[in-house]
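Encoded as structure tokens, the structure appears first; notes follow it.
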Amino acid sequence: MSAKIIAVANHKGGCGKTTTVVHLASELAHLGNKVLVIDLDPQANASLHIGNKHPSEISVTTAELLVGDISLLADALEENTNFENVSLIYGSLNLGKTEDQLKDDAPRPSEELATKIELLKDLYDFILIDCPPSLKLLTSNALASSTHVIIPIESGSQYGLYGVTDLLNHLEKIRRINPDLKLLGALLIKHDERQNVCKLIKDEAYKQVGLILENSIPQSTKVNQAAIMQQSLVKLEKNSKVRKAFQMLAQEIVEKVQ
Ligand SMILES: Nc1ncnc2c1ncn2[C@@H]1O[C@H](COP(=O)(O)OP(=O)(O)OP(=O)(O)O)[C@@H](O)[C@H]1O
Ligand SMILES: [Mg+2]
Numbered sequence: 001m002s003a004k005i006i007a008v009a010n011h012k013g014g015c016g017k018t019t020t021v022v023h024l025a026s027e028l029a030h031l032g033n034k035v036l037v038i039d040l041d042p043q044a045n046a047s048l049h050i051g052n053k054h055p056s057e058i059s060v061t062t063a064e065l066l067v068g069d070i071s072l073l074a075d076a077l078e079e080n081t082n083f084e085n086v087s088l089i090y091g092s093l094n095l096g097k098t099e100d101q102l103k104d105d106a107p108r109p110s111e112e113l114a115t116k117i118e119l120l121k122d123l124y125d126f127i128l129i130d131c132p133p134s135l136k137l138l139t140s141n142a143l144a145s146s147t148h149v150i151i152p153i154e155s156g157s158q159y160g161l162y163g164v165t166d167l168l169n170h171l172e173k174i175r176r177i178n179p180d181l182k183l184l185g186a187l188l189i190k191h192d193e194r195q196n197v198c199k200l201i202k203d204e205a206y207k208q209v210g211l212i213l214e215n216s217i218p219q220s221t222k223v224n225q226a227a228i229m230q231q232s233l234v235k236l237e238k239n240s241k242v243r244k245a246f247q248m249l250a251q252e253i254v255e256k257v258q
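Mapping to UniProt numbering: the sequence shown position 137 is 137, numbers consecutive.
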């Protein structure tokens with residue numbers, strides 16, 4: 001087993017990165033995969049949803065792991081979470097200073113995560129990395145560690161594609177250190193094929209990104225409910241449209257990464 005490592009990245013804030021990581025993790029696990037989520041966002045939203053402890057109680061989060069010794073890995077890995085078959089390396093507010101620390105001290109500031117998680121590849125089928133809304137060193141570490149990347153794009157918003165060219169240029173730069181990084185595609189979030197703005201964003205996303213995942217995610221308040229309840233959509237709303245969308249997305253991804 002060598003894990004497929006998928007970074008969910010877009011420096012545009014609030015486009016659906018964390019929601020994608022959380023529910024994709026849940027659905028991939030539901031399909032029988034062993035999944036690990038790595039939270040690289042100081043907001044720690046994925047950890048607040050999946051984790052059964054508060055990020056502030058965790059002594060080794062991605063912040064300590066990135067700047068510390070590889071021996072911290074065992075302490076960082078939390079197998080017990082709110083989701084069955086999903087492990088977690090927590091994020092925390094401490095990540096706020098990690099980029100400066102990496103810049104000052106790390107021999108290869110973009111490749112610390114890749115080095116630290118090398119040993120985990122044989123333990124998981126999928127590793128999903130939640131990125132912060134920036135294109136700085138935390139996101140670079142995610143992309144430099146990954147085999148694949150998904151770019152969530154908020155379909156209902158006319159600003160959904162703002163900054164996407166910068167992200168694509170950033171991917172090209174990262175390929176100098178991680179040449180095998182593959183783009184799985186843009187993922188349309190809050191997408192409704194009947195709305196003109198969504199159709200326009202989809203066409204434009206295709207033009208700019210070149211690849212769009214076949215399955216898109218509809219708008220649904222169940223997503224917020226799931227976050228508040230710290231639950232998966234499988235447990236909360238098994239038959240809802242949004243749950244089925246994530247289920248189909250997981251199936252599509254399993255096929256595409258083979
Ligand atoms: N399909 C959806 N339907 C309705 N609301 C959604 C959907 N996806 C995400 N949201 C909501 O939109 C907000 C932003 O989503 P999310 O936190 O996943 O974005 P993000 O890209 O991780 O944000 P950040 O850049 O701050 O990390 C959240 O309140 C989330 O619950
Ligand atoms: Mg987020």
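Cβ coordinates follow ideal geometry from the N, Cα and C atoms, glycine included.
Residue burial classification, residue i (beta-carbon count within 10 angstroms, cutoff 16)
i, result
"ARG194", "exposed"
"ARG243", "buried"
"ILE201", "buried"
"TYR206", "exposed"
"GLU112", "buried"
"LEU171", "buried"
"PRO218", "buried"
"LEU181", "buried"
Reduced DSSP secondary structure (H/G/I, E/B, other) of residue i
i, result
"ILE177", "coil"
"ALA29", "helix"
"ILE58", "coil"
"ALA74", "helix"
"LYS53", "coil"
"GLY96", "helix"
"THR81", "strand"
"ASP104", "helix"
"ALA144", "helix"
"SER47", "helix"
Presumed contact (8 Å Cβ cut-off) between residue i and residue j, rounded CB distance
i, j, result
"LEU213", "ALA186", "7 Å"
"LEU88", "VAL37", "5 Å"
"GLU84", "ALA3", "Going by Cβ atoms, the distance from GLU84 to ALA3 rounds to 18 Å, so no, they are not a contact pair."
Proximity to residue i [Cα-Cα], best of the options
i, options, result
"LEU31", "VAL86, ASP105, LEU65, SER56", "VAL86"
"CYS15", "HIS49, SER134, ASN239, LEU128", "SER134"
"VAL197", "LEU167, GLN158, ILE177, ASN215", "GLN158"
"ILE117", "VAL234, ALA245, ILE5", "ILE5"
"ASN215", "GLN230, SER232, PHE246, GLN231", "PHE246"
"MET1", "ALA25, LYS103, ASP125, LYS173", "ASP125"
"LEU95", "LEU128, ASP122, THR139, SER71", "THR139"
message: Check whether the segment 155 to 175 and the segment 4 to 24 touch, using three or more Cβ-Cβ pairs below 8 Å as the test.
response: yes
- request: Answer yes if the segment 143 to 156 comes into contact with the segment 55 to 71, meaning at least three C-beta pairs across the two stretches below 8 Å, and no otherwise.
  value: no
field: Given 8 Å, three or more beta-carbon pairs between the segment 107 to 123 and the segment 20 to 29
entry: no
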